[in-house]
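K.L.:
In our numbering, the protein residues as written are 983 to 1442.
Starting off with a structure, shown below.
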Amino acid sequence: MLRGLRSLESRMVLLLGFAGLSGVLVFAGVTQWPLPQLLVWLKHDLGINLGAPAHFGFYSALAISVAFLLPLSLWLGHYVMAPITKLLRALEGAVASYRDGDFSFSIAATRRDELGELIRMHNALGQTLREQRQNLAQRELLLDTVVQNTPVALVLTDASGRVTYANIAARHLFNEGRTLHGLSFIELLSDSPEALRRAVEGGEDALLTVEMDGGEETFHLSQRSFRLQGRPHRLQLFRRMTRELSRQEVATWKRVIRVISHELNNSLAPISSLAHSGAELARRGDTARLPGVFATIGERARHLHGFIAGYASFAKLPAPQPVSIAWRPFLDGLSLHCKFQLRGSIPEQPGWFDAAQIEQVLINLIKNAHESGSAEDGVSLSLAAIGRDMRIEVADRGPGMSETVLAQALLPFYSTKRSGTGLGLALAREIVEAHGGRIALANREEGGLRVSLMLPLGPR
């Protein structure tokens, strides 16, 4: 009951009732009692004539009642609206503070009606927003610390190509440790190697090797487009793979040594045993069984020779003998070994490479492109002269490569095929680098893989 009397509705009803009762009492006092009797007493007993009639008419009494009730109504209206006006001003200040990101604003709650309940709910909302803002700030600080200290160079650009965010690794990679914020990323790349610029402009994931600081660096580039606050942005991640590839190469060579050692033991042990058996048969004079023993020894020796020859071909790669190569006869000879679609025109400037080695590289790449599941007309080869280099590009429309496979594709003896020789693209990498060039892999946006060979156009 007490709670109901404290509500604004109950107070408003009581005030309206008080105002109505006051109006009735004023009207009755003017028309019935005590004003008529007071005027008669003043006139007859005291002889004071105020010039007012002894009995007021309806309209006169109504006018007197209105004149009395008007200031009373103004006072009651101010009394009712004063706390609401005060609360509205406080809420305006709270909204302005929230708009400016300040959630520390609170309102004193001294009332026990609906306005007091609204104030308490507002203060609870402010406390919740303050806690969420603090938790969010802590998470942003943690995320920024992690991103800033990661060895992966991270660059975020907006629709105009301006850098909106870059971590420490990116600043050291592209701007000697200085900030990148607000700078044009394309202009920053003008001093970077050509292969890196082309990979960024291509907008695709890529694995590439470039010359930096007097040595070779291998990068895995990952690019993603998304919308941030309704605006298009692009995220580029540059991961240095040189140390990782070196570590994996060492692990690969160790694994190869174990495989070769195991195969040698599996072949040499039977050969040793058969040789001992043959010697024993010869000592006994049982020469009829010796041809079978020698045949088995020869079979195991041929198996071992074939196994070792596959791996030895990788290590025995001869130094290239580059010469000037006319493109038309070279492409005609290549088309006799594999099928491909020639994209674009043939450059007038001749190439400069070892024809046999580069032909073997292209045959392997085109064969891989066909085995990827691409249609025959989807396997293409294109040539383009870029500065002092010639770019030879083999592309297909297969499924492409995952990030994991893309990062390991150039490792020695890495292969995703069950029946693969284990050399993968490493042999192509060795041949291209022996020519003083570079090899880069990238997934195509429409699906498929693109392998680019950058070969010098002359001796260096």
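We treat Cβ as the ideally placed atom computed from N, Cα and C, and that holds for glycine.
Tell me whether the stretch 1421-1432 and the stretch 1370-1389 touch, counting them as touching only if at least three CB pairs, one residue from each stretch, are closer than 8 angstroms.
P.N.:
yes
K.L.:
Run through DSSP, which three-state label would Ala1308 get?
P.N.:
coil
K.L.:
I'd like the span of the beta strand (DSSP E) that includes Val1134, first residue to last.
P.N.:
From DSSP, Val1134 is part of no beta strand (DSSP E); its letter is neither H nor E.
K.L.:
Within the continuous alpha helix (DSSP H) that includes Val1361, where are the two ends?
P.N.:
Segment: none, Val1361 is in no alpha helix (DSSP H) and carries neither H nor E.
K.L.:
Does the contact criterion of 3 or more C-beta pairs under 8 angstroms hold for the stretch 1332-1340 versus the stretch 1304-1322?
P.N.:
yes
K.L.:
Have a look at Leu1365 and Leu1437 and give me their C-alpha separation to the nearest angstrom.
P.N.:
11 angstroms
K.L.:
If the criterion is Cβ atoms closer than 8 angstroms, does the pair Leu1203 and Ala1188 meet it?
P.N.:
yes
K.L.:
If you follow the beta strand (DSSP E) that Phe1208 is part of, which residue opens it and which one closes it?
P.N.:
1197-1210
K.L.:
To the nearest angstrom, report how far apart Ile1374 and Gly1355 are at their CA atoms.
P.N.:
22 angstroms
K.L.:
Who does Met1372 pair with in a DSSP beta bridge?
P.N.:
Ala1367, Leu1437
K.L.:
Could you tell me if Met1063 is buried or exposed, where buried requires 16 or more neighbouring beta carbons within 10 angstroms of its beta carbon?
P.N.:
exposed
K.L.:
Have a look at the DSSP bridge pairing and note the partners of Gln1339.
P.N.:
None; Gln1339 has no bridge partner.
K.L.:
Buried or exposed: which applies to Met1383, given that a residue is buried once 16 or more other Cβ atoms fall within 10 Å of its Cβ?
P.N.:
Around the C-beta of Met1383, 16 or more other C-beta atoms lie within 10 Å, and the residue is accordingly described as buried.
K.L.:
Note the first and the last residue of the continuous beta strand (DSSP E) segment covering Ile1421.
P.N.:
1420-1425
K.L.:
Mapping DSSP to helix, strand and coil, what is Arg1144?
P.N.:
Assigned with DSSP and collapsed to three states, Arg1144 falls in strand.
K.L.:
Can you confirm whether the stretch 1173-1182 touches the stretch 1415-1428 when touching is taken to mean that 3 or more C-beta pairs between the two stretches lie within less than 8 angstroms?
P.N.:
yes
K.L.:
Tell me the residue span of the beta strand (DSSP E) that contains Ala1188.
P.N.:
Counting along the chain, the unbroken beta strand (DSSP E) around Ala1188 starts and ends at 1188-1194.
K.L.:
Give the list of continuous alpha helix (DSSP H) stretches no shorter than 4 residues that lie fully inside the stretch 1238-1274.
P.N.:
none
K.L.:
Is Ala1410 near Leu1324, with beta carbons less than 8 angstroms apart?
P.N.:
no
K.L.:
Where do the N-terminal and C-terminal ends of the beta strand (DSSP E) with Leu1324 fall, by residue?
P.N.:
In the DSSP assignment, Leu1324 falls within the unbroken beta strand (DSSP E) covering 1323-1325.
K.L.:
Tell me, please, whether the stretch 1099-1119 touches the stretch 1127-1143 by the rule of three or more beta-carbon pairs shorter than 8 angstroms.
P.N.:
no
K.L.:
Would you kindly check if the distance between the Cβ of His1215 and the Cβ of Thr1139 is under 8 angstroms?
P.N.:
yes
K.L.:
Quick check: the Cα distance between Arg1121 and Cys1320, rounded to an integer number of angstroms?
P.N.:
56 angstroms
K.L.:
Do you know whose CA, among Leu996, Pro1441, Leu1051, lies nearest Gly1333's CA?
P.N.:
Pro1441
K.L.:
Enumerate in chain order the residues of its own chain whose CB-to-CB distance from Ala1148 is below 6 angstroms, with the five nearest sequence positions on each side excluded.
P.N.:
Val1137, Leu1162
K.L.:
Specify, as a first and last residue, the run of the beta strand (DSSP E) that Phe1220 falls within.
P.N.:
1213-1222
K.L.:
When the Cα atoms are used, what is the spatial distance from Leu1003 to Ser1055?
P.N.:
12 angstroms
K.L.:
What is the rounded straight-line gap between the Cα of Ala1045 and the Cα of Gly1075?
P.N.:
44 angstroms
K.L.:
Look up Gly1333 in the DSSP assignment and say whether it is helix, strand or coil.
P.N.:
strand
K.L.:
Where in the stretch 1036-1107 do unbroken runs of the alpha helix (DSSP H), each at least 4 residues long, occur, reported from the N-terminal end onward?
P.N.:
Unbroken alpha helix (DSSP H) runs of no fewer than 4 residues, entirely contained in the stretch 1036-1107, are found at 1040-1081, following chain order.
K.L.:
Going by DSSP, name the residue or residues bridged to Arg1379.
P.N.:
In DSSP, Arg1379 forms no bridge with anything.
K.L.:
Looking at the structure shown, is Leu1431 part of a helix, part of a strand, or coil, going by DSSP?
P.N.:
strand
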